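Down below is the structure, laid out as structure tokens.
Residue numbers (full-length UniProt numbering): 1 to 122.
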């Protein structure tokens, strides 16, 4: 009876470990997606920064049309910077979650190995 209970417990732990591994995999995939998106946004932000510099130089000529473009590019850049900060924050959170999942995974593997040794010694 105790052996059956231990087997059920091991199965439950295995299921939990599988779920944890799946969550870790999803978190890692999401982290990679966010990193790619961050790089894309950084590139776009740099492009927009260059455009805003060009607009700023042209605005010094006094052209109202160029001044309006500059303001639009500046607003876009601010939105991009806010988005970039949010993505950076999300990446940090995901990195911490990934570390937590890896630590939990390590602990669960150690527990699984301990249970396997116990089961083997019976």
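Heads up, the beta-carbon is just placed ideally off N, CA and C, and yes, glycines get one too.
It should be emphasised that the depicted structure is a prediction, and the values quoted were computed from it without experimental measurement.
Residue 80 by DSSP, collapsed to three states: which one? Position 80 of the chain shown, counted from the start, is the residue given in the question as residue 80. Residue state, collapsed to three classes: helix.
Cβ-based neighbour list, residue 84, same chain, cut-off 8 Å, excluding 5 preceding and 5 following: Taking the first residue of the chain shown as position 1, residue 84 is located at position 84. Cβ within range, chain order: 38, 41, 42, 45.
If you drop the 5 nearest sequence neighbours on each side, which residues of the same chain put their C-beta closer than 7 Å to that of residue 105? Within the chain shown, the letter at position 105 stands for residue 105. These residues qualify, in order along the chain: 20, 21, 24.
With a CB to CB cut of under 8 Å and the five nearest residues on each side skipped, what residues in its chain are close to residue 73? Locating residue 73 in the chain shown gives position 73, where the first residue counts as 1. Around residue 73: 48, 51, 52, 55.
Could you tell me how far apart the beta carbons of residue 111 and residue 13 are, in whole angstroms, since I believe they sit closer than 8 Å? To locate residue 111, count along the chain shown from 1; it is residue 111. To locate residue 13, count along the chain shown from 1; it is residue 13. Residue 111 to residue 13, Cβ: 7 Å. Contact.
Helix, strand or coil for residue 1, going by three-state DSSP, please let me know. What you label residue 1 is simply residue 1 of the chain shown in a count that begins at 1. DSSP places residue 1 in coil when its eight states are reduced to three.
Backbone secondary structure at residue 63 - three-state DSSP: Against the chain shown, residue 63 aligns to sequence position 63. Here residue 63 sits in coil by DSSP.
Give the single residue among 102, 4, 9 whose Cα lies nearest to the Cα of residue 26. In the chain shown, the residue the question calls residue 26 occupies position 26. Looking at the Cα atoms, 102 is the closest of the given residues.
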